Ligand code: PMV
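Residue numbers (this note's numbering): 1 to 344.
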């Protein structure tokens with residue numbers, strides 16, 4: 001009998017993963033930073049199974065009948081060969097998020113990474129493997145990836161990269177790697193205010209969106225573009241080049257949505273207020289000359305990126321010019337975080 005628990009954050013991609021092949025392998029490399037205050041907490045209580053078949057129970061915020069629970073249980077069943085001990089254990093899994101379901105933040109990255117970290121901790125405790133920190137996080141990232149691609153990047157704090165990239169020998173399609181040692185200090189104080197344009201479930205899931213990249217007329221060009229952008233962004237992050245950062249990050253966000261618009265069938269997750277906010281950000285940047293830009297996830301909400309040192313001016317701008325375009329004035333203020341932590 002034992003219990004483990006991890007808190008793991010959501011992350012926001014600057015270079016977007018879009019399109020996959022094989023078993024959750026990315027068609028292109030991606031880069032993100034982990035958030036600080038948007039996280040999931042998962043605990044797993046385990047004990048030797050009481051009946052023939054191990055019993056895996058899942059509670060989301062105290063509630064047993066959550067659709068997400070079925071997804072987690074199915075996922076655990078698929079992990080039988082990687083973690084053979086799962087067949088021998090009854091599990092009681094409890095999960096909660098620091099952000100409301102209606103916030104429009106995808107919880108798959110934070111919850112799948114928290115779950116993967118818990119499973120690796122159980123392996124470490126029961127089997128005695130994964131003692132080396134490096135191996136532990138690599139396996140956690142690998143498992144998280146199987147649950148949700150972008151979750152592979154959430155097991156590390158700060159910046160991380162997932163997907164093979166010829167200029168980074170350690171990079172892999174199987175797991176993400178941390179990418180912090182050479183980041184300019186400027187980008188270690190980055191903030192992300194998430195402007196909630198809509199809190200509705202998306203009309204087209206990411207799974208369906210990834211699938212539409214198969215046979216997409218711009219697929220090859222997209223893969224090349226993401227690699228070029230990644231190379232340029234890595235240089236910008238190292239030397240502290242804010243202008244290149246802005247150019248690349250906004251190009252990535254809009255390219256992601258352009259791919260959706262040019263899919264067959266086409267679709268768009270952008271809303272009129274999303275575009276109004278983007279225009280306002282550009283106007284304000286031109287006027288103020290401050291470091292401020294946007295990125296977008298697969299949804300209508302805008303991630304406003306800026307520096308801690310400009311926080312008061314940016315919050316004033318949000319209040320005066322952006323809040324009116326947000327659903328019920330909802331905004332979640334977050335910042336770069338330092339990764340998951342073990343809580344039990
Ligand atoms: O991890 P998934 O399958 O939910 O895909 C996420 C894809 C984007 O969020 C749009 C981009 C990314 O790299 O996180």
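For every residue, glycine included, the Cβ atom is placed at its ideal position computed from N, Cα and C.
A quick note: this is a predicted structure, and the numbers were derived from the prediction, not measured.
Among the candidates the options, whose CA atom is the shortest distance from the CA of residue i?
i, options, result
"residue 235", "143, 180, 110 and 191", "180"
"residue 177", "165, 188, 105 and 185", "165"
"residue 233", "245, 223 and 224", "245"
"residue 39", "11, 64 and 59", "11"
"residue 281", "219, 263 and 322", "322"
"residue 238", "49, 325, 155 and 182", "182"
"residue 247", "206, 99, 305 and 275", "305"
"residue 86", "46, 100 and 107", "46"
"residue 204", "137, 91, 286 and 298", "298"
"residue 286", "37, 326, 81 and 243", "243"
The beta strand (DSSP E) spanning residue i covers which residue range?
i, result
"residue 97", "89 to 97"
"residue 143", "First-last for residue 143: 133 to 147, but that is the alpha helix (DSSP H), not the beta strand (DSSP E)."
"residue 33", "30 to 48"
"residue 4", "2 to 15"
"residue 193", "190 to 195"
Take the Cβ of residue i as the centre, count every other Cβ of all protein chains shown within 10 Å, and call the residue buried at 16 or more, exposed below.
i, result
"residue 191", "buried"
"residue 216", "buried"
"residue 392", "The requested residue 392 does not occur in the structure, where the chain is confined to residues 1 to 344."
"residue 343", "exposed"
Pick helix, strand or coil for residue i, following the three-state DSSP scheme.
i, result
"residue 299", "coil"
"residue 60", "strand"
"residue 174", "coil"
"residue 269", "coil"
"residue 344", "coil"
"residue 248", "helix"
"residue 76", "helix"
"residue 71", "helix"
Where does the unbroken alpha helix (DSSP H) through residue i begin, and where does it stop?
i, result
"residue 317", "311 to 317"
"residue 281", "272 to 288"
"residue 80", "Looking at the DSSP string, residue 80 is not in any alpha helix (DSSP H), and its letter there is neither H nor E."
"residue 207", "206 to 211"
"residue 160", "No alpha helix (DSSP H) contains residue 160, which is instead part of the beta strand (DSSP E) from 159 to 162."
Are residue i and residue j close, meaning C-beta to C-beta below 8 Å?
i, j, result
"residue 345", "residue 196", "Summary: the structure shown does not reach residue 345, with the chain confined to residues 1 through 344, and so no result is reported for it."
"residue 18", "residue 210", "yes"
"residue 93", "residue 57", "yes"
"residue 318", "residue 193", "yes"
"residue 115", "residue 42", "yes"
"residue 151", "residue 113", "yes"
"residue 15", "residue 29", "yes"
"residue 36", "residue 341", "no"
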